[in-house]
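Below you'll find the structure, written out as structure tokens, and then a few comments.
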Amino acid sequence: MQITIATVRAEGLTTQTAEVPAGATVAQALRAAGVTLREGWGLARWGRRCREEDVLEEGDRLDIAAPLLCDPKKARRERAERQGDVRTVTCGRHGSKKTRGE
Numbered sequence: 001m002q003i004t005i006a007t008v009r010a011e012g013l014t015t016q017t018a019e020v021p022a023g024a025t026v027a028q029a030l031r032a033a034g035v036t037l038r039e040g041w042g043l044a045r046w047g048r049r050c051r052e053e054d055v056l057e058e059g060d061r062l063d064i065a066a067p068l069l070c071d072p073k074k075a076r077r078e079r080a081e082r083q084g085d086v087r088t089v090t091c092g093r094h095g096s097k098k099t100r101g102e
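According to full-length UniProt numbering, numbering within the sequence shown proceeds without interruption in unit steps and concludes at 102.
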């Protein structure tokens with residue numbers, strides 16, 4: 001059976017296909033494709049977290065994702081702090097912006 005392995009890194013996405021026997025596990029498919037799962041990297045099947053013991057089906061896609069470089073919540077909080085108080089720009093209302101005359 002044929003599966004697709006997608007690797008997501010900071011540089012972008014790479015995909016490759018692998019031919020594995022029916023009933024193969026995720027670990028067997030990774031070995032067949034010559035992919036080594038590094039410490040801290042995430043593993044998913046069709047975007048849902050999976051384990052190396054899970055059995056694959058024809059046409060499955062394995063997603064391998066590099067670990068996050070920073071906490072997304074922390075990054076968003078820092079961006080908001082740099083932006084400053086949004087109410088001064090929008091005059092406290094959604095969609096309303098100050099005009100030059102104010």
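The C-beta atom is built at its ideal place from N, Cα and C for all residues, glycine as well.
Worksheet item: For aspartate 71, does the count of other Cβ atoms within 10 angstroms reach 16, so buried, or fall short, so exposed?
Response: Classified as exposed, aspartate 71 has fewer than 16 neighbouring CB atoms from the shown chains inside 10 Å of its CB.
Worksheet item: Where does glutamate 38 sit, in a helix, a strand or coil, going by DSSP?
Response: Reading the sequence as shown, one finds arginine at residue 38 and not glutamate. Annotated three-state conformation of arginine 38 is coil, per DSSP.
Worksheet item: What are the boundary residues of the alpha helix (DSSP H) that includes alanine 22?
Response: Segment: none, alanine 22 is in no alpha helix (DSSP H) and carries neither H nor E.
Worksheet item: Just to confirm, are isoleucine 3 and leucine 56 a CB contact at a threshold of 8 Å?
Response: Yes, these two residues count as a Cβ contact at 8 Å.
Fill in: Residue range of the unbroken alpha helix (DSSP H) whose run includes arginine 79
Arginine 79 -> alpha helix (DSSP H) spans 72 to 83.
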